[in-house]
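J.: Quick one: this structure, given as structure tokens, is what I'll be asking you about.
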Amino acid sequence: MSSSKVLGYAAKAVGQPLEPITYEPPKLGEHDVRVSVTHCGVCHSDIHAIDNYYDITTFPFVPGHEIVGHVSEVGHAASGLKEGDRVAIGWQGRSCMQCEWCLQGEDQLCLDIVPSGTWVPYGGFSSSVIADSRFVYQLPDDMPSEVAAVLTCAGVTVYSPLRSYATQPARKIGIIGVGGLGHLALQFARALDYDVTAISSSPEKKQEALSFGADHFLSSDDQTSLREAMLSFDLLLCTASNKINWEALLNILKKKGRLVLIGFPDVEFNSTELVARQLSITGSFLGNRTTMREMFSFAQEYNIMPKVELMPMTKVNEAIRKVKENKARYRIVLFNDTVE
Ligand SMILES: [Zn+2]
Ligand SMILES: [Zn+2]
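Below, the structure is given as structure tokens:
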């Protein structure tokens, strides 16, 4: 693999459709492994990066960071992995290993986070990627690759805050948004034995939300139900990125309640409510390596199953369009139909 060129799908400029390109395989660092990609999920962050929303994208840009594949080459200092192992890699493919956050084991907060992305230099919409072996996770044999692909980004993104901030038993949790992240958050929250409410502006998603594990469903446009739910939630996990009626949602939080953001919605808050009720608003980004490993075993034990639509990688632009138009139910994973 390392001697032949890599085939990837790249945006050549901001917002452009992806085109097939070939490039020299990036040089393997001593701790790195090369992974031949079999599956790669399509995440909203890929699309944001194509649009340079985070202002960190360099072009040509090969997106893709929910990767599953087989180890094809192992750096001389990489331990624990061997050629042929089936592995997953998420958004973070490495870290500096020496800043204050890395030293505390909070690698997702690494001060050098931008070049730590798996899509640097080229991501998983390709025939192979490299990553630091310490951020490459060996998979249980019976976990389907498309499931593992989604868990490696969306899974850890929802699992980490549910673990960190909802630590007491019988906590009443609201999951805002029933989409790619939300449908997984409902499953994890159910398995963690919380009292779970799905909160959505799409009442037609009620039945499915209940089937994912929600105990209750709350329509975010239903003023009567929102009033009835006032001061009742310990934690709200916001997976949505669309327009949100913050005033109504903050009102359903208990005093000292917490709102955790994992999507990227526009936010506007009334500081009086925040101060007077001692509310907290927290962002949560991915999870550290320990949480990632824990999440994989938890998902395996409780049979957490993202709902996945498989598409061939050659149809990457069609897949991106579906995600953009909010038509993915609930995540799309590309399988590599051009290699092996
Ligand atoms: Zn992602
Ligand atoms: Zn660091």
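Going by my numbering, the sequence shown opens with residue 252, and the numbers climb by one from there.
We put the CB at the ideal spot given by N, CA and C, even for glycine.
Owing to the predicted nature of the structure, the values given are computational and were not obtained by experimental measurement.
1) Below 8 Å on the Cβ atoms is my contact criterion, and I expect valine 447 with isoleucine 426 to pass it. Report the Cβ-Cβ distance as a whole number of Å.
2) Compute the minimum distance between the beta carbon of tryptophan 342 and the heavy atoms of ligand 1, and state whether it is under 7 Å.
3) Tell me whether glutamate 591 is buried or exposed, calling it buried when 16 or more other Cβ atoms sit within 10 Å of its Cβ.
4) Below 8 Å on the Cβ atoms is my guess for leucine 360 versus tryptophan 352; work out the distance and round it to an integer in Å.
5) In chain order, which continuous runs of the beta strand (DSSP E) of length 3 or greater are located wholly inside the stretch 433-463?
6) Could you pull out every residue in the same chain whose Cβ sits closer than 8 Å to the Cβ of serine 253, ignoring the five residues on either side in sequence?
7) Among all the DSSP beta bridges, which residues are the ones paired with methionine 562?
8) Quick one: which unbroken alpha helix (DSSP H) runs of 4-plus residues sit fully inside the stretch 510-556? Chain order, please.
9) Along the chain, where does the alpha helix (DSSP H) that runs through leucine 413 open and close?
10) Cβ of aspartate 383 versus every heavy atom of ligand 2: is any distance shorter than 7 Å?
11) Once the 5 residues before and after valine 357 are set aside, which same chain residues still bring their CB inside 8 Å of it?
12) Could you spell out the range, first to last residue, of the beta strand (DSSP E) harbouring alanine 264?
13) Where DSSP assigns a beta bridge to threonine 308, which residues make up the other side?
14) Give the secondary structure of aspartate 472 by DSSP, where H, G and I count as helix, E and B as strand, and everything else as coil.
15) When the Cβ atoms of the stretch 489-507 are set against those of the stretch 466-475, are three or more pairs found closer than 8 Å?
16) Following a CB-centred definition, is leucine 537 positioned closer than 7 Å to any heavy atom of ligand 4?
17) Could you give the residue range of the alpha helix (DSSP H) that holds isoleucine 571?
18) Roughly how far, in whole angstroms, is the beta-carbon of isoleucine 424 from the beta-carbon of alanine 440, given that I think they are within contact range, below 8 Å?
19) Could you pull the start and end residues of the beta strand (DSSP E) that histidine 299 belongs to?
20) Could you tell me which residues DSSP pairs with arginine 580 in its beta bridges?
21) Flag this pair as touching only if the stretch 576-586 and the stretch 297-311 have three or more C-beta atom pairs under 8 Å; answer yes or no.
22) Compute the beta-carbon to beta-carbon distance between alanine 465 and leucine 437, rounded to the nearest angstrom, for a pair I have assumed lies under 8 Å.
23) Measuring only the C-alpha atoms, how far is glutamine 267 from asparagine 554?
24) Could you tell me if proline 366 is buried or exposed, where buried requires 16 or more neighbouring beta carbons within 10 angstroms of its beta carbon?
T.: From the atom records:
1) On the sequence shown, residue 447 is found 196 positions in, with the first residue counted as 1. On the sequence shown, residue 426 is found 175 positions in, with the first residue counted as 1. Sure, about 7 Å apart at Cβ, within 8 Å.
2) Working through the sequence shown from its first residue, we reach residue 342 at position 91. Correct: tryptophan 342 has its Cβ closer than 7 Å to ligand 1.
3) By 1-based counting over the sequence shown, the position of residue 591 is 340. Residue placement at glutamate 591 is flagged as unreliable, the pLDDT there being 48, under the threshold of 50; a coordinate-derived value is accordingly withheld.
4) By one-based count along the sequence shown, residue 360 stands at place 109. By one-based count along the sequence shown, residue 352 stands at place 101. Sure, about 4 Å apart at Cβ, within 8 Å.
5) 446-451
6) Start at 1 with the first residue of the sequence shown, and residue 253 comes out as number 2. Any answer about serine 253 is weak, because its pLDDT of 46 lies below 50 and its placement is not dependable; what the coordinates show is given next. Excluding sequence neighbours, serine 253 sits near Pro276, Leu279, Arg285, Ser323, Glu324.
7) Looking up residue 562 in the sequence shown gives position 311. Methionine 562 pairs with Leu585.
8) 522-527, 540-552
9) Counting from 1 along the sequence shown, the entry for residue 413 is found at position 162. 407-416 is the span of the alpha helix (DSSP H), which, as asked, contains leucine 413.
10) Walking along the sequence shown from the start, residue 383 turns up at place 132. Incorrect: aspartate 383 has no Cβ contact closer than 7 Å to ligand 2.
11) The residue given as residue 357 occupies position 106 in the sequence shown. Strictly speaking, residue 357 in this sequence is glutamate, with valine absent from that position. Excluding residues within five positions, the ones whose Cβ falls inside 8 Å are Asn539.
12) In the sequence shown, the residue the question calls residue 264 occupies position 13. Taken as a continuous stretch (DSSP letters only), alanine 264 belongs to no beta strand (DSSP E), as it is neither H nor E.
13) For the purposes of this step, residue 308 is identified with residue 57 of the sequence shown, where counting begins at 1. Paired residue(s): none; threonine 308 is not in a bridge.
14) Stepping through the sequence shown from its first residue, residue 472 is reached at position 221. The answer is coil: DSSP assigns aspartate 472 none of H, G, I, E or B.
15) yes
16) This structure lacks ligand 4; the ligands present are ligand 1 and ligand 2.
17) For the purposes of this step, residue 571 is identified with residue 320 of the sequence shown, where counting begins at 1. Unbroken alpha helix (DSSP H) run through isoleucine 571: 567-575.
18) Counted from its first residue, the sequence shown places residue 424 at position 173. Counted from its first residue, the sequence shown places residue 440 at position 189. 5 Å between Cβ atoms; contact.
19) If you number the sequence shown from 1, residue 299 lands on position 48. Per DSSP, histidine 299 belongs to no beta strand (DSSP E); it is in the alpha helix (DSSP H), 295-301.
20) Taking the sequence shown and counting its residues from 1, the one referred to as residue 580 is at position 329. Answer is none; arginine 580 lacks a bridge partner.
21) no
22) Taking the sequence shown and counting its residues from 1, one reaches residue 465 at position 214. Taking the sequence shown and counting its residues from 1, one reaches residue 437 at position 186. With 8 Å as the limit, alanine 465 and leucine 437 qualify as a contact, their Cβ atoms being about 5 Å apart.
23) Taking the first residue of the sequence shown as 1, we reach residue 267 at position 16. Taking the first residue of the sequence shown as 1, we reach residue 554 at position 303. So the alpha carbons of these two residues sit roughly 38 Å apart.
24) As a working note, residue 366 is residue 115 in the sequence shown. Classification of proline 366: exposed, given that the 10 Å Cβ count is below 16.
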